[in-house]
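A quick write-up on the structure given underneath.
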Amino acid sequence: MLSTDLSWLDLALLCHPMLALLPNMYFKAQTSASRRRYLALSFFTLLAYRYFAVPSATAAPLNATQPDAPLCQTHDAPNPIAHLYPGNATGTLNGTVTILPIPLALARSLIPSQYTILTAAYRALLPSFPSDMYPAVLQAVHDHEVQAFGYLIPDFTRAGIEFPFLDLLGDGSTSFKWAPTLLMTAGHEIAIKGAQDYGTNTFPTTFEPQCDAYRSVDGKPGASAFKARSEDGAAFVDTLFEKTERMAFGLEFFRNVTNQPTFADGKTCDNMIRLFNTSVTTSIESVKGSVRAKLPPFKEEEIWDGAEGIRLDSAFIENNYLPCENFRGYGSS
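With our numbering applied, the sequence shown corresponds to residues 1112 to 1444, in that order.
This is the structure in structure tokens:
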């Protein structure tokens, strides 16, 4: 079988010497000597044309298709744990986790009424947090080198406001996190379908930057910006943060909320195990700034000035579509 990298000129050159083996009946008008001179001249003419006149011949192989060019280049570090957990979904998450304080009464109106808010659980982690407020969480992250069983999917970005410390099982102790809505990279059908299977309301979205979780801000060392706009214009998230010296809420709080089992419609749960001790987490930066968002279940655009959080890259292990009952007593509340 001919290689698919063979051009038509290559094919002609390969077949040309076979003319010398054809019976003389096809060349009655020529002597053997003139026939040989003709074949040699035509062969070297084709050869010269192949290598000098059309240098692109090798770039147009038979049946070839040009690979898609990469749209952009991420700055994320490689997945350091894929070889350790080949049978699990693993990857890295680079981005910002921000606490968005909202009135506790507003939280109760937004969260489905069947889920009790475990106020004692978050107050134990945040003893100075106002008693009439609730800590909603904004995650704006870039998923990088997500893979399982040797299969790697393209990177994507997502952003959503989550509601942690909810009593999904009615046991009064196990904290779950409700993530009803996500902005997700437009065109990434695998990621979007994966979220929709949880019952998540997804918005195909354009992000800035396209292939990273945030970009630097000219003239402001240590500052970062992030923008997300859904294709239909119905939802958006804008953030602008600067580094701070003090971590307002404590690392244990962020470790807790990012590792709570997550649900949308409550039929199945996502077990995202966020690791804070791998080689990609070289530093965890405290940030403070502004968040502007219009995202269900909020009815209107919301603005948070002075919002605080952390900026980090971390590895994760993920177990998908598990019965939520499996997590009764999971972790510490």
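Even for Gly, the Cβ is constructed at its ideal location relative to N, Cα and C.
Look up residue i in the DSSP assignment and give the residues it is bridged to.
{"i": "glutamate 1429", "result": "Ala1200, Met1383"}
{"i": "methionine 1244", "result": "Pro1214"}
{"i": "aspartate 1424", "result": "Asn1205"}
{"i": "phenylalanine 1267", "result": "Asp1254"}
{"i": "alanine 1418", "result": "Gly1400"}
{"i": "alanine 1188", "result": "According to DSSP, which records beta bridges pairwise, alanine 1188 is partnered with nothing at all."}
{"i": "alanine 1259", "result": "Tyr1262"}
{"i": "glutamate 1413", "result": "Ala1404"}
{"i": "leucine 1249", "result": "Thr1209, Ile1272"}
{"i": "threonine 1227", "result": "Asp1278"}
Would you decide whether residue i is buried or exposed? Buried here means 16 or more other CB atoms lie within 10 Å of its CB.
{"i": "isoleucine 1421", "result": "buried"}
{"i": "glutamate 1419", "result": "buried"}
{"i": "serine 1239", "result": "exposed"}
{"i": "leucine 1122", "result": "Note on leucine 1122: pLDDT 45, under 50, position unreliable in the model; no value is reported."}
{"i": "isoleucine 1210", "result": "buried"}
{"i": "aspartate 1254", "result": "buried"}
{"i": "glycine 1271", "result": "buried"}
{"i": "alanine 1231", "result": "exposed"}
{"i": "proline 1275", "result": "buried"}
{"i": "histidine 1299", "result": "buried"}
{"i": "isoleucine 1342", "result": "Rather than isoleucine, the amino acid found at residue 1342 in this sequence is glutamate. So glutamate 1342 ends up on the exposed side."}
{"i": "alanine 1432", "result": "This sequence places tyrosine at residue 1432; alanine is not what is there. With fewer than 16 Cβ atoms within 10 Å of its Cβ, tyrosine 1432 is classed as exposed."}
{"i": "phenylalanine 1287", "result": "buried"}
{"i": "leucine 1195", "result": "exposed"}
{"i": "glutamate 1363", "result": "exposed"}
{"i": "leucine 1277", "result": "buried"}
{"i": "tyrosine 1233", "result": "buried"}
{"i": "alanine 1375", "result": "buried"}
{"i": "isoleucine 1414", "result": "exposed"}
{"i": "glycine 1442", "result": "exposed"}
{"i": "phenylalanine 1352", "result": "buried"}
{"i": "glycine 1344", "result": "exposed"}
{"i": "phenylalanine 1365", "result": "buried"}
{"i": "glycine 1202", "result": "buried"}
{"i": "glutamate 1256", "result": "buried"}
{"i": "asparagine 1190", "result": "buried"}
{"i": "isoleucine 1303", "result": "buried"}
{"i": "threonine 1446", "result": "Residue 1446 cannot be examined here, being either before or after the span of the chain that is shown, 1112 to 1444."}
{"i": "glutamate 1412", "result": "exposed"}
{"i": "glutamine 1141", "result": "For glutamine 1141, the predicted model reports a pLDDT of 45, less than 50, meaning its position is unreliable; a value from the coordinates is still stated below. That one is exposed."}
Could you spell out where the alpha helix (DSSP H) holding residue i opens and where it closes?
{"i": "alanine 1081", "result": "Residue 1081 is absent from the structure shown; the chain starts at 1112 and stops at 1444."}
Quick check on the DSSP output: the beta strand (DSSP E) that includes residue i runs from which residue to which?
{"i": "lysine 1399", "result": "1396-1405"}
Quick test of your reading: residue i and residue j, contact by CB under 8 Å. State the CB separation rounded to the nearest angstrom.
{"i": "methionine 1295", "j": "threonine 1317", "result": "Wrong, their Cβ atoms sit about 11 Å apart, outside the cutoff."}
{"i": "alanine 1216", "j": "alanine 1247", "result": "The Cβ separation is near 13 Å, so there is no contact."}
{"i": "asparagine 1370", "j": "arginine 1385", "result": "5 Å"}
{"i": "leucine 1338", "j": "aspartate 1329", "result": "Residue identity differs from the one stated: residue 1338 is lysine in this sequence, not leucine. Actually they are not in contact, since the Cβ atoms of lysine 1338 and aspartate 1329 sit about 15 Å apart, beyond 8 Å."}
{"i": "alanine 1290", "j": "threonine 1311", "result": "7 Å"}
{"i": "serine 1397", "j": "lysine 1354", "result": "7 Å"}
{"i": "proline 1332", "j": "phenylalanine 1438", "result": "About 42 Å separates the two Cβ atoms, so there is no contact after all."}
{"i": "alanine 1346", "j": "alanine 1251", "result": "Not confirmed; about 13 Å, so no contact."}
{"i": "proline 1434", "j": "threonine 1379", "result": "7 Å"}
{"i": "cysteine 1322", "j": "threonine 1185", "result": "4 Å"}
{"i": "glutamate 1429", "j": "leucine 1280", "result": "No, glutamate 1429 and leucine 1280 are not in contact; Cβ-Cβ is about 21 Å, not under 8 Å."}
{"i": "valine 1445", "j": "alanine 1359", "result": "Only positions 1112 to 1444 of the chain appear in the structure, and residue 1445 is not among them; the question remains open."}
8 Å is my cut-off, CB to CB: does residue i come that close to chain D?
{"i": "asparagine 1370", "result": "Protein chain content of the structure displayed is limited to a single chain, and chain D is not contained in it."}
Does the ligand MG have a heavy atom nearer than 7 Å to the CB of residue i?
{"i": "serine 1394", "result": "Ligands displayed in this structure: none; no statement on the ligand MG is therefore possible."}
Worksheet entry | Continuous alpha helix (DSSP H) assignments of at least 4 residues falling wholly in the stretch 1311-1380 | The alpha helix (DSSP H) runs lying completely inside the stretch 1311-1380 and spanning 4 residues or more are 1362-1369, given in chain order.
Fill in: Ranges of the alpha helix (DSSP H) found wholly within the stretch 1272-1309, counting only runs of at least 4
Counting only runs of 4 or more residues that sit fully inside the stretch 1272-1309, the alpha helix (DSSP H) segments are 1300-1307, in chain order.
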